[in-house]
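The structure appears below as structure tokens.
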Amino acid sequence: MLTKIGFLIISFNLFFQLSVVKVNATEDGHLRFEDIYEKIGYQSVEDELVKFENHYVENLNLPLKLPPVDFTHHFGRFNDLEGEINDSFEIEYISDQIPENHYKVDVRPIKYKIPVKEQYVVKKVRLEDGETANYMNVSGFNVLVFEKDHWQYMLSVDNRIEDKVPLEKLIKIAESIE
């Protein structure tokens, strides 16, 4: 329940932030993704990764593979909230052409991991390194949760592209972390 509530809160928070943000439109009237995401704290992945690594004085390895769908934008955000228990690093991959092409990587220290409730787990899988990963469907996203090198990773993909990014592809992405 806590996990599902956590994802719902994060989803609602992002929706709320996107709905109240005033942004500049392009000449043809389209909203710019860059402006929307910048207003809610997203910056370049590289800059936010450096902030996260400096905060924890530790390197963070990210997946080398991406889902086999097209993305037009990617943004990073280091959530440095009151008390380390809520600190996390996020990467959003999105497409302004195909809204369902949405992939997210969330990382936090294992000591502050989000607990996974068994009733939300669709399937448990074993990764190449022997770690167990939990596959869940939460708030319209298929999520693979696993631990590696002192971090808890959550790889989330919009369930509307499940045919293009099935569980097996998420596992390959998880296993691409070196």
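Numbering-wise (my numbering), the sequence shown opens with residue 160 and increments by one.
Backbone N, C-alpha and C fix where the C-beta goes; we use that ideal spot for every residue, glycine too.
Query                                                                                                                                                                : Result
Kindly indicate which residue of Lys-198, Pro-227, Leu-303, Asn-213 has the alpha-carbon position closest to the one of Asp-322.                                     : Pro-227
Pull up the distance between the alpha-carbon of Lys-181 and that of Ile-195, whole angstroms please.                                                                : Because the pLDDT at Lys-181 is just 37, under 50, the model does not fix this residue reliably, and the value given afterwards should be weighed accordingly. Between Lys-181 and Ile-195, the C-alpha separation is close to 8 Å.
Which of the three DSSP states is assigned to Tyr-123 in this structure?                                                                                             : Outside the shown range of the chain, which is 160 to 337, sits residue 123, and nothing can be said about it.
For Val-281, which residues from the same chain have a beta carbon less than 7 Å from its beta carbon, with the 5 sequence-adjacent residues on both sides left out? : Tyr-294, Met-295, Asn-296
Can you look up Tyr-262 in the DSSP assignment and give me helix, strand or coil?                                                                                    : strand
Counting pairs of Cβ atoms below 8 Å between the stretch 227-239 and the stretch 309-326, do you hit three or more?                                                  : yes
CA-CA distance, Leu-167 and Leu-240?                                                                                                                                 : Here the model assigns Leu-167 a pLDDT of 39, short of 50, so the residue's position is not dependable, and the following value carries that caveat. Spanning the two alpha carbons is a distance of roughly 18 Å.
Hey, could you find the ends of the beta strand (DSSP E) Tyr-252 is sitting in?                                                                                      : 247-253
Just verifying my parser: in three-state terms, what is the DSSP assignment at Asn-172?                                                                              : Reliability fails at Asn-172, whose pLDDT of 43 lies under 50, so the model's placement of it is uncertain and the value that follows must be treated cautiously. Of the three classes helix, strand and coil, the one that applies to Asn-172 here is helix, per DSSP.
Using 8 Å for Cβ pairs, my map puts Glu-207 next to Gly-235. What's the rounded Cβ distance?                                                                         : 3 Å
Quick one: is Gln-311 buried, meaning 16 or more other Cβ sit within 10 Å of its Cβ, or exposed?                                                                     : buried
Answer with buried or exposed for Lys-328, where buried requires no fewer than 16 other C-beta atoms within 10 angstroms of its C-beta.                              : buried
Leaving out five residues before and five after Leu-161 in sequence, what residues of the same chain have Cβ atoms less than 8 Å from its Cβ?                        : Here Leu-161 scores only 44 on pLDDT, less than 50, and its place in the model is too uncertain to base an answer on.
Taking the alpha-carbon positions, what's the His-309 to Lys-331 distance?                                                                                           : 20 Å
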